[in-house]
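Notes follow the structure.
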Amino acid sequence: MEMHEYLEILKAQIRYVKVRDSVAKEVEDHIKDQAMAYRQSGMTESEATAEAVRQMGDPVAAGVELDRIHRPAMDWKLVAFVAVLSIIGLLVQYAFGRQQAELTMFFRQCVYTEIGILLMVAVCLVDYSVIGKYGLVLWGLLSGFVLLTVLFGPIYNGSHLYIRNYIYLYVPVYIGILYHYRNGGVTALVKCGLFHMAAMILSLMAVTIPACLDVTVICLIMTSIAIWKGWFAVNRKAALAGLWLAAVLLPLIFVGIGVINFMPYQIARLEAVLNPAVDPLGRGYIPGVIRDTLQWSTWAGPAVKTLDGRMGSLHTDYILIQLISSYGLLAGAGVVLAAIGFLVHGFHMTVRMKNQLGQMLGIGCCLVFFLQIFHYVMLNLGRGLINTGMPFLSYGKGPVFTTSILVGLLMSIYRYKNISTEQKAGYRQRYRIRIEKI
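Numbering-wise (our numbering), the sequence shown opens with residue -9 and increments by one.
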């Protein structure tokens, strides 16, 4: 059988069109290398090629096995976590709506969840590698959305906080920019930093500092990982030292020269969280009510001293404390444990990725979820300063859509883990070893 005929039969067994040519090219290179070895042993060119093809075995069997390896997969454990948490979120919204004899928000949340599922599926079906290819374009689209909101979006209480959750989408976009500038030197790193700074300055026109600070911390971590993985042609230790030294010193310098000032209300809020008794009827009121509710909560069933309408934003900011107040500590703990299980699985799935872009994107998404869950839990314990919404639980388009996009990205990373490849040293040889085993 001729090599061309062998490759055509092998390609026909691979159902995923995107990888057919790349797989066939690797098999062809392997056949040519093997034929070269046979020629060196004394065979003619035609004999060497024919023997190399014969050694590859049945093209149908080899193609079927390669099809199995390069078939899109689905992380059903992740799907199960998402389904359970989404159902819990809707049940919680329904329960709170029934208590208040108003189910309008619950029905809206159902619509948001349905749209979120469609977003999740759409992102899952798109190969995540497009973020590495079109990182700058995605940055421009997201920045354009933020700018349009600042210029023409409605203002509530003096800001555009309703797009706060969308700011976290800068994390995967920034990772795409890092990937775009990989193999560059110090100049490439500076360009990445400038893109991030421009995005955060724009975001500060729409939302408050905490969300931008979260994104900045995550981007610093992802830049550090990229440097350590050798994405940039720089001295790793020197670059990491300079990066984190600047991250620590620049804010201190800005505070010292007055560019950044802590407003009196910010200091008062911090004092109220640390000690609600300082201002029990003002900024310490909500932390005081939360701690009072926790003190009188039971393991199961309503608390001895419930919230009794003493707080607002129960559908969004304070779901956990309302859940504990109405159904007990076990109910609140169960929701938190489910969210932690989702987070642990996401990290575990991500760190095992061989593709570096997929691994970086997965880590970035998981860090976003970690900070959101951490902030939310602390806020509902009366000890938090930042509210970002609880993934899967909080009411509203922003929390639902952002969570759906990030979860869809995690699903895409797993789905295309055996398809999206990176051409790097050692890859070709490992791939050929796999072909020989088949």
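Every residue gets a Cβ at the ideal spot worked out from N, C-alpha and C, and that includes glycine.
Self-check item: Residue from Ile353, Gly166, Pro49, Ala290 with nearest C-alpha to Glu(-2)
Solution: By one-based count along the sequence shown, residue -2 stands at place 8. Closest by alpha carbon: Pro49.
Self-check item: Continuous alpha helix (DSSP H) stretch holding Glu(-5): start and end
Solution: As a working mapping, residue -5 is identified with position 5 in the sequence shown. Per DSSP, Glu(-5) belongs to the alpha helix (DSSP H) from -7 to 2.
Quiz item: Unbroken alpha helix (DSSP H) runs of length 4 or more, entirely within the stretch 176 to 217: which are they?
Solution: Positions of the alpha helix (DSSP H) runs, each at least 4 residues long and wholly inside the stretch 176 to 217, are given as 176 to 194 in order along the chain.
Quiz prompt | Residues near Ala178 by beta carbon distance below 7 angstroms, same chain, minus five either side | solution = Walking along the sequence shown from the start, residue 178 turns up at place 188. Apart from the 5 residues on each side of it in sequence, Ala178 sits with its Cβ closer than 7 angstroms to the Cβ of Tyr171, Phe222 in its chain, given in chain order.
Quiz item: Assuming Ala216 contacts Met350 under a Cβ cut-off of 8 angstroms, what Cβ separation, rounded to an integer in Å, is found between them?
Solution: As a working mapping, residue 216 is identified with position 226 in the sequence shown. As a working mapping, residue 350 is identified with position 360 in the sequence shown. Contact annotation, Ala216 with Met350: C-beta distance approximately 7 angstroms; criterion of less than 8 angstroms satisfied.
Quiz prompt | For Tyr308: DSSP bridge partner residues | solution = On the sequence shown, residue 308 is found 318 positions in, with the first residue counted as 1. Looking at the DSSP assignment, Tyr308 forms no beta bridge with any residue, so it has no partner.
Practice problem: For Ser149, write down the residues that DSSP places opposite it in a beta bridge. | Solution: Your numbering for residue 149 matches position 159 in the sequence shown. The partner list for Ser149 (beta bridge, DSSP) reads Tyr146.
Quiz item: Nearest CA to the CA of Thr306: which residue from Asp57, Ala189, Thr378?
Solution: Working through the sequence shown from its first residue, we reach residue 306 at position 316. Minimum Cα distance to Thr306 is reached at Thr378.
Practice problem: Find the nearest neighbour of Tyr(-4) within the set Lys22, Val7, Leu239, Tyr6, judged by alpha-carbon distance. | Solution: Here residue -4 refers to the residue found at position 6 when the sequence shown is read from its first residue. Checking every option, the nearest Cα to that of Tyr(-4) belongs to Lys22.
Practice problem: Count the CB pairs spanning the stretch 31 to 50 and the stretch 342 to 362 that are closer than 8 angstroms, and state whether there are at least three. | Solution: no
Exercise. From the DSSP output, in three-state form, read off Trp434 for me.
Key: Residue 434 is absent from the structure shown; the chain starts at -9 and stops at 428.
Practice problem: Could you round the C-beta distance between Leu115 and Ile395 to whole angstroms and report it? I think they count as a contact, below 8 angstroms. | Solution: Within the sequence shown, the letter at position 125 stands for residue 115. Within the sequence shown, the letter at position 405 stands for residue 395. Actually they are not in contact, since the Cβ atoms of Leu115 and Ile395 sit about 13 angstroms apart, beyond 8 angstroms.
Exercise. Could you check if Asp11 is buried or exposed, using at least 16 other CB atoms within 10 Å of its CB as the buried criterion?
Key: Your numbering for residue 11 matches position 21 in the sequence shown. Its Cβ having fewer than 16 others within 10 Å, Asp11 is exposed.
Quiz item: In chain order, what residues of the same chain have a beta carbon less than 7 angstroms from the beta carbon of Gly87, not counting five sequence neighbours either side?
Solution: For the purposes of this step, residue 87 is taken as residue 97 along the sequence shown, with counting starting at 1. Only Leu93, Met95, Phe96 meet the Cβ criterion.
Exercise. Starting from the C-beta of Val294, find all residues in its chain whose C-beta is less than 6 angstroms away, skip the five residues before and the five after it, and write them out in chain order.
Key: By one-based count along the sequence shown, residue 294 stands at place 304. The residues are Trp286.
Quiz prompt | Where Glu35 sits in the DSSP three-state scheme | solution = As a first step, residue 35 is located in the sequence shown; it is residue number 45 there, counting from the start. Glu35 falls in the helix class under three-state DSSP.
Quiz item: If you count every other CB in all the chains shown that lies within 10 Å of the CB of Arg5, and 16 or more means buried, which is it?
Solution: Along the sequence shown, one-based indexing puts residue 5 at 15. Arg5 comes out exposed.
Self-check item: Val180 versus Thr213 - alpha carbon distance
Solution: Reading the sequence shown from its first residue, position 190 is the one you call residue 180. Reading the sequence shown from its first residue, position 223 is the one you call residue 213. Distance between the alpha carbons of Val180 and Thr213: 11 angstroms.
Self-check item: Pick from Leu235, Ala328, Ile403, Val140 that is closest to Ala196, judged by C-alpha positions
Solution: The residue labelled residue 196 in the question sits at position 206 within the sequence shown. Ala196 has its Cα closest to that of Val140, out of Leu235, Ala328, Ile403, Val140.
Practice problem: Say whether the stretch 384 to 394 touches the stretch 198 to 211, bearing in mind that this needs 3 or more beta-carbon pairs closer than 8 angstroms, one atom from each stretch. | Solution: no
Exercise. Taking the CB atoms as reference points, tell me whether Tyr152 and Lys407 lie closer together than 9 angstroms.
Key: Locating residue 152 in the sequence shown gives position 162, where the first residue counts as 1. Locating residue 407 in the sequence shown gives position 417, where the first residue counts as 1. Between Tyr152 and Lys407, the gap from beta carbon to beta carbon reaches 9 angstroms or more.
Self-check item: For Val113 and Leu319, the rounded distance between their alpha carbons
Solution: Counting from one through the sequence shown, the residue named residue 319 turns up at place 329. Counting from one through the sequence shown, the residue named residue 113 turns up at place 123. Going by the C-alpha atoms only, they are around 36 angstroms apart.
Self-check item: Endpoints, the alpha helix (DSSP H) within which His338 is located
Solution: By 1-based counting over the sequence shown, the position of residue 338 is 348. Here the alpha helix (DSSP H) through His338 covers 319 to 341.
Practice problem: Using the Cα positions of Ser76 and Glu18, report the straight-line distance between them to the nearest angstrom. | Solution: For the purposes of this step, residue 76 is taken as the residue at position 86 of the sequence shown. For the purposes of this step, residue 18 is taken as the residue at position 28 of the sequence shown. For Ser76 and Glu18, the distance between alpha carbons rounds to 47 angstroms.
Quiz item: Using the beta-carbon count (16 or more within 10 Å), is Arg420 buried or exposed?
Solution: Taking the first residue of the sequence shown as 1, we reach residue 420 at position 430. Unreliable positioning characterises Arg420 in this predicted model, as indicated by a pLDDT of 42, which lies under 50. A coordinate reading is not provided.
Quiz item: Near Val43, what residues of its chain come up, given a Cβ to Cβ distance below 8 angstroms and the 5 sequence neighbours on each side ignored?
Solution: Walking along the sequence shown from the start, residue 43 turns up at place 53. Closer than 8 angstroms at Cβ, skipping near neighbours: Met(-9), Glu(-8), Met(-7), Tyr(-4), Ile21.
Quiz prompt | Supposed contact pair Gln89 and Gln99 - C-beta distance, whole angstroms, cut 8 angstroms | solution = Position 109 of the sequence shown, counting from 1, holds the residue named residue 99. Position 99 of the sequence shown, counting from 1, holds the residue named residue 89. Not confirmed; about 15 angstroms, so no contact.
Quiz prompt | Counted within 10 angstroms of its Cβ, other Cβ atoms place Tyr158 as buried (16 or more) or exposed | solution = In the sequence shown, the residue the question calls residue 158 occupies position 168. Tyr158 is buried by the Cβ-count criterion.
Self-check item: Cβ shell of Ile428 (< 6 angstroms), same chain only, five flanking positions each side left out
Solution: The residue given as residue 428 occupies position 438 in the sequence shown. Note that Ile428 scores a pLDDT of 46, beneath 50, so its modelled location is shaky and nothing firm can be said.
Quiz item: Do you know whose CA, among Leu235, Ile376, Lys219, Cys209, lies nearest Gln362's CA?
Solution: Along the sequence shown, read from residue 1 onward, the residue named residue 362 stands at position 372. Nearest of Leu235, Ile376, Lys219, Cys209 to Gln362, Cα basis: Ile376.
Quiz prompt | Nonlocal neighbours in the same chain, by C-beta distance under 7 angstroms from Ser133, ignoring five residues either side | solution = If you number the sequence shown from 1, residue 133 lands on position 143. If the five residues before and after Ser133 are omitted, its C-beta is found closer than 7 angstroms to the C-beta atoms of Ala189, Leu192, all from its own chain and listed in chain order.
Quiz item: By a C-beta neighbour count over all protein chains shown, 10 Å radius and 16 as the cutoff for buried, is His338 buried or exposed?
Solution: The count along the sequence shown starts at 1 and reaches residue 338 at position 348. Label assigned to His338: exposed.
Self-check item: Integer-rounded CB distance, given that Leu327 should sit under 8 angstroms from Asn370
Solution: Sequence index remark: in the sequence shown, residue 370 carries index 380 (1-based). Sequence index remark: in the sequence shown, residue 327 carries index 337 (1-based). Asn370 to Leu327, Cβ: 14 angstroms. No contact.
Quiz prompt | Proximity to Gly291 [Cα-Cα], best of Arg273, Val397, Ser315 | solution = Taking the first residue of the sequence shown as 1, we reach residue 291 at position 301. Per the Cα distances, Ser315.
Quiz item: If you draw a straight line from the C-alpha of Tyr169 to the C-alpha of Val13, how long is it?
Solution: One-based indexing of the sequence shown puts residue 169 at position 179. One-based indexing of the sequence shown puts residue 13 at position 23. Looking at the two C-alpha atoms, the distance is approximately 24 angstroms.
Quiz item: Excluding the five sequence neighbours on either side, which residues of its own chain have a C-beta within less than 7 angstroms of the C-beta of Phe332, listed in chain order?
Solution: Counting from one through the sequence shown, the residue named residue 332 turns up at place 342. Excluding positions up to five away in sequence, the list reads Phe71, Leu75.
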